[in-house]
Structure formats: structure tokens, C-alpha cells
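Data block below; observations after.
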Amino acid sequence: MQAAPVRAHALPSVTTALRAVESLLLSGGQRTARRNAWTAVLEDRRRAKDRVEVQHVLDAVAGHRS
Numbered sequence: 079m080q081a082a083p084v085r086a087h088a089l090p091s092v093t094t095a096l097r098a099v100e101s102l103l104l105s106g107g108q109r110t111a112r113r114n115a116w117t118a119v120l121e122d123r124r125r126a127k128d129r130v131e132v133q134h135v136l137d138a139v140a141g142h143r144s
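When we follow the working numbering, the leftmost residue of the sequence shown carries the number 79, and every step to the right adds one.
Structure follows, in C-alpha cells:
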């Protein structure tokens, strides 16, 4: 009985597969613009989360003083 063959390469991730499809469908400039837009969305979300956390701290400090 033989053991199952071991794969030298792991299966590509979903991200890798999507990037491969993206590279086939979009030109370089469009790909860069899309990635830049997504980076901006993620940064906006991070800043919004930070604002909420700061507001909670300010509310707690204001409530503690009164």
C-alpha cells in the first residue's frame, strides 16, 4: 500500500485566485485604483472605530465628573 502523494505547493488562497482573475480582467491602472480605493475604505473604517472609542472615553470621563 502506498501513501498518498504529498503536494509540493499548497492550494492558492481565495485572495490569490481573485487577484489572478482581477489581473486578467483589469488593466494595471484600474487594478491600482481599485486597491487604493479599498485601502481608503479600510482606513475610513479604522478612523470611524477610533472616533467611537474616543467618544466612549469622553462620555465616561464626563459622567465620572458629574
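Every residue gets a Cβ at the ideal spot worked out from N, C-alpha and C, and that includes glycine. In this text, all values refer to a predicted model and were calculated from it rather than measured experimentally.
Three-state secondary structure assigned by DSSP to S101: In the sequence shown, counting from the first residue as 1, residue 101 sits at position 23. Of the three classes helix, strand and coil, the one that applies to S101 here is helix, per DSSP.
Contacting residues, own chain, Cβ-Cβ under 6 Å from P90 (five flanking each side not counted): On the sequence shown, residue 90 is found 12 positions in, with the first residue counted as 1. Here the set comprises nothing.
Beta-carbon spacing of R112, L104 below 8 Å: As a first step, residue 112 must be located in the sequence shown, where it is residue number 34. As a first step, residue 104 must be located in the sequence shown, where it is residue number 26. Against a cut-off of 8 Å, the Cβ pair of L104 and R112 comes out as a contact.
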